[in-house]
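Since the structure comes first, as structure tokens, the remarks are kept for the end.
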Amino acid sequence: MTSLTYPNTALAPHAVRWGTLADGRKVHRWTLRNAQDMRVDISDLGGSLLSWHTPDRHGRIEGVVLGHADPLAYAEGLGYLGALIGRWANRIRNGSFELDGVTYRLDRNNNGHHLHGGHEGFHQAVWQVDTDGDSLLLTLHSPDGEGGFPGNLDVQVRYTLHDDGTLNLDYQARSDQPTPINLTAHPYFNLGSARGDIRDHLLWIDAEDFLAVDAGLIPAGQESVAGSAFDFRHSAPLGSRLIWPHPQLSVAGGFDHCYCLGESHGQPRKVAQVIDPASGRRLTVTTDQPGLQLYTGQYLAASPKRSGGFYQAFDGLCLEAQAFPDQINSATAERAVLRPGTVYRQHTAYQLDAV
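So for the sequence shown, my numbering puts the first residue at 133; every next one is plus one.
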């Protein structure tokens, strides 16, 4: 049975004060534990997964999620470490889309394109957090026009840690106007507890195609993974693939591409697995989303580490379950639109164990 824990039980079910942002907002953190002595720390700042401590094959417990030392570093950082992302995960070409005959202009915060919700995305918000049994229930109101998006949007994300090492993220959202929506989580994993980078990690992804990108990392077309560096249908070390000659790796400086997972018909399925051979830790990703963004952390350099100093390129990897980048400007745009009277739902789970 998962339990919420606090340094002083007299404070339960209140949060532990973590710090104050430059604008005076106070932020907090919570801890989830399970029977395996796993510990997951979550903050109301960005709804962020701050840390995840888990055993290796010998029972040694270490952290496997990259993070900063304090709230100010999260608020000022550019890496979205551990944050919930919205209203739109990934990129929208030229920060613009048309919906029901109306053209909307969004924040352009990434080389002329829109990325991860813009300047005031969900990663910058202080979420409302409530305890609900074994879960943390995070809620956020995004007002009409925020980042350029239409509609008042109400979002709910439930974090639940189970005894089998699974951290469930269950999303819901409602809007009073038609609006694009594409939510995800952005934790960076290093299953070796950051003793090295992630190039020795073995990766498997159950996908036959990926989205090639242009110089702005906007999708330029769907391509088969067969016979290429992008083929992880059989588990392979990331390092050997990162040095594989491929024009797409040159464009992105590594992997920063969305894999096409196929139709889930609303049923979550296992889509990816990562193993660190040295520690034996294994990460399994399950989702009902059509896309999985693989990002190998090539732009992490100069991002401050929790322990002091700075991260380097490839110190962590992200597996972000989501809709397709720029889908709102594609032939399947309607699948990424939330309309009044309907509910956006998403289920994604990360499971950690050791082999």
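Yeah, the Cβ is synthetic: ideal placement off N, Cα and C, and Gly gets one too.
DSSP places Y212 outside both helix and strand once states are collapsed to three, so it counts as coil. Secondary structure note for R477: its beta strand (DSSP E) is the uninterrupted segment Y476 to A486.
Secondary structure note for R165: its beta strand (DSSP E) is the uninterrupted segment K158 to R165.
Shown here, I330 sits in coil according to DSSP, grouped into three states, outside any helix or strand. Between N322 and V196, the C-beta gap is smaller than 8 Å, which places the two residues in contact. Put simply, the region 272–289 does not touch the region 342–349. Fewer than three CB pairs are less than 8 Å apart. By the C-beta criterion, the region 432–451 is judged not to be in contact with the region 283–297, since fewer than 3 inter-stretch pairs fall below 8 Å.
Taking a cut-off of 8 Å on C-beta distances, the region 155–175 does not touch the region 376–395, as fewer than three cross pairs fall below it.
By the C-beta criterion, the region 250–264 is judged not to be in contact with the region 352–360, since fewer than 3 inter-stretch pairs fall below 8 Å. Closest option to T271, judged by alpha-carbon separation, among H251, G250, Y303 and D308: Y303. Contiguous alpha helix (DSSP H) elements confined to the region 353–415 occur at 370–374 and 379–384, taking only those with 4 or more residues. In this structure, DSSP gives A201 a state outside helix and strand, which the three-state scheme calls coil.
At the C-beta level, D176 and V234 stay beyond 8 Å of one another. The beta strand (DSSP E) runs lying completely inside the region 445–474 and spanning 3 residues or more are 450–454, given in chain order. Take R225, set aside five residues on each side of it, and the residues of its chain with a beta-carbon closer than 7 Å to its own are H245, I350, D458 and N461, in chain order. Between the C-alpha atoms of R331 and H294 there is a straight-line separation of about 29 Å. For the options L432, P436, Q454 and S325, the alpha carbon positioned closest to that of Y206 is the one of P436.
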